[in-house]
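Below is one structure; the comments refer to it alone.
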Amino acid sequence: MNEIAAALEATGLAQHLKTSRWTYPLVNAGHLLGIALLVGAIVPMDVAILRGRGTAAVRMLRPWAVAGFALAVVCGAMLFVTQATDYVTSDLYRLKMGLLVLLALNAAVHLRATAAGLRRAAVVSLVGWPTVLLLGRLVGYS
Ligand code: HEM
Numbered sequence: 001m002n003e004i005a006a007a008l009e010a011t012g013l014a015q016h017l018k019t020s021r022w023t024y025p026l027v028n029a030g031h032l033l034g035i036a037l038l039v040g041a042i043v044p045m046d047v048a049i050l051r052g053r054g055t056a057a058v059r060m061l062r063p064w065a066v067a068g069f070a071l072a073v074v075c076g077a078m079l080f081v082t083q084a085t086d087y088v089t090s091d092l093y094r095l096k097m098g099l100l101v102l103l104a105l106n107a108a109v110h111l112r113a114t115a116a117g118l119r120r121a122a123v124v125s126l127v128g129w130p131t132v133l134l135l136g137r138l139v140g141y142s
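Throughout the sequence shown, residue numbering follows our numbering, covering 1 to 142 in sequence.
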């Protein structure tokens, strides 16, 4: 695992991101924009599901949540390669990634859920995504 992380950190992309004046901040801003789109779409969507008015909200907001997630993943991966060897050994980073995978599965599995299953998934999602956000911020201080 450490060898892969070291190899990622040695790539031209990682070296460029580490030394460039503008690219890293722009990628970081892209990560934050993705997070804003993701959480900003998911919270009202989950609240609407819990209030029994999920259908229209899901139709309107899901594309924004998916786009935000994709942007956060692409930019997050670019942030990751700059310090991959530190992140792979960080408990907070690993917790963030583990929770993120579980929440993505929660969203995917419940696409075909019953009404009760959908409400359970909405509660998990409402608590989970803001927790990922908090963990993401804390990684920078660990
Ligand atoms: C595969 C997906 C993702 C990867 C690989 C990833 C990776 C990273 C990395 C490497 C950092 C820099 C940490 C540092 O400060 O040293 C970061 C920051 C952060 N991430 Fe992610 N992340 C992903 C998805 C997400 C998602 C979905 C959220 C929120 C729901 C999130 C929330 C944050 C936050 C709040 C920060 C701190 C940003 C800042 O203070 O400038 N991340 N992420």
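Ideal placement from N, C-alpha and C gives every residue a C-beta, glycine not left out.
Proximity of residue 45 and residue 57 at Cβ, strictly below 8 Å = Counting from one through the sequence shown, the residue named residue 45 turns up at place 45. Counting from one through the sequence shown, the residue named residue 57 turns up at place 57. Taking a C-beta distance under 8 Å as the contact criterion, residue 45 and residue 57 qualify as a contact pair.
Measuring from the CB of residue 129, is there a heavy atom of the ligand HEM at a distance below 7 Å?
-> In the sequence shown, counting from the first residue as 1, residue 129 sits at position 129. Indeed, a heavy atom of the ligand HEM lies less than 7 Å from the Cβ.
For residue 114, which of helix, strand or coil comes out of DSSP?
-> Within the sequence shown, residue 114 is the residue found at index 114, counting from 1. Assigned with DSSP and collapsed to three states, residue 114 falls in coil, not helix or strand.
Keeping to the same chain, check which residues put their C-beta closer than 8 Å to that of residue 41; ignore five residues upstream and five downstream.
-> For this step, residue 41 is matched to residue 41 along the sequence shown. Result list for residue 41: 61, 62, 64, 65 and 68, in chain order.
Would you call the CB atoms of residue 113 and residue 121 closer than 8 Å?
-> Here residue 113 corresponds to residue number 113 of the sequence shown, with the count starting at 1. Here residue 121 corresponds to residue number 121 of the sequence shown, with the count starting at 1. Yes.
Below 8 Å, can you find three or more Cβ-Cβ pairs linking the stretch 119-134 to the stretch 95-110?
-> Between the stretch 119-134 and the stretch 95-110, the count of C-beta pairs closer than 8 Å reaches three or more; the two stretches touch.
At what residue ranges does the stretch 15-89 contain a whole run of the alpha helix (DSSP H), taking only runs of 4 or more?
-> Within the stretch 15-89, the complete alpha helix (DSSP H) runs of at least 4 residues fall at 23-50, 54-82 and 84-87.
Residue 52 versus 119, 27 and 85, residue with shortest Cα-Cα distance | The sequence position of residue 52 within the sequence shown is 52, counting from 1. The residue with the shortest Cα to Cα distance from residue 52 is 119.
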